[in-house]
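Participant: Have a look at the structure that comes next, please.
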Amino acid sequence: MSSKEIIQSFYKSDALIDSAVMKDFLHPEIVLDWNSSKGFVQLDFQGILDIAAELGKAYVRSKVRVSHIVTEDDSVSVRYSHFVKTIENPREEMLLAHFMAIWQLKDGKLYRGYQMSQLS
């Protein structure tokens, strides 16, 4: 599978709200540098799994709409919007945030990430 196909598969899956699915996409030595509207955070393998587990407690569905995807060798840049459905109102889709991420893959897994997000 190409780097682009791996990233597309990642964002089409339930990985963002399911740590068991997320685990399949992550390289054991992953590092994610994330600049959000709340500040900077650097996450490792367990930190990313913890966020997916927390999101899974609050949301019943997650959907990513990718607007741009650009690849170069083992790096993929992706711009997307993340939509969720809450436990309280599972029929209404809500925009969670907009994201821009650059992923470097190693051994077919997400290895190094640089991400920026803005809440809706």
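Residues are numbered in our numbering as their position in the sequence shown, beginning at 1, plus a constant of 4. The beta carbon of each residue, even a glycine, is placed where N, CA and C say it ideally should be.
Just how far apart, CA to CA, sit Gln108 and Pro94?
Facilitator: Approximately 34 Å, taken between the alpha carbons.
Participant: Could you please give the first and the last residue of the uninterrupted beta strand (DSSP E) stretch that includes Val60?
Facilitator: With the sequence shown as reference, residue 60 is identified as Gly, and Val is not the correct amino acid for it. No beta strand (DSSP E) contains Gly60, which is instead part of the alpha helix (DSSP H) from 49-62.
Participant: Across the segment 115-123 and the segment 31-41, are there enough close Cβ pairs to call them in contact, namely three or more that are closer than 8 Å?
Facilitator: The answer is yes - the segment 31-41 touches the segment 115-123, with three or more Cβ pairs under 8 Å.
Participant: Out of Ile106, Lys27, Ser41, point me to the one whose CA is closest to Val74's CA.
Facilitator: Cα-wise, what sits closest to Val74 is Ile106.
Participant: With a cut-off of 8 Å, do at least 3 Cβ pairs link the segment 45-58 to the segment 76-86?
Facilitator: The answer is no - the segment 76-86 does not touch the segment 45-58, with fewer than three Cβ pairs under 8 Å.
Participant: Indicate, with yes or no, if the ligand FMN has a heavy atom lying under 7 Å from the CB of Lys67.
Facilitator: The ligand FMN is not part of this structure, which contains no ligands at all.
Participant: Excluding sequence positions up to five away, which residues of its chain have a Cβ less than 6 Å from the Cβ of Gly60?
Facilitator: The residues are Ile21, Asp22.
Participant: Please classify Phe44: is it buried, with 16 or more other beta-carbons within 10 angstroms of its beta-carbon, or exposed?
Facilitator: Exposed, because fewer than 16 other Cβ atoms sit within 10 Å of the Cβ of Phe44.
Participant: Since Ala101 contacts His86 with CB under 8 Å, what's their CB separation in whole angstroms?
Facilitator: Right, the Cβ-Cβ distance comes to about 6 Å (below 8 Å), so this counts as a contact.
Participant: Exposed or buried, what is Met5 when buried is set at 16 or more other beta-carbons lying within 10 Å of its beta-carbon?
Facilitator: So Met5 ends up on the exposed side.
Participant: So, helix, strand or coil for Glu76, using DSSP?
Facilitator: Here Glu76 sits in strand by DSSP.
Participant: Would you list the one or two residues that DSSP bridges to Asp37?
Facilitator: In DSSP, Asp37 forms a bridge with Gln46, Tyr118.
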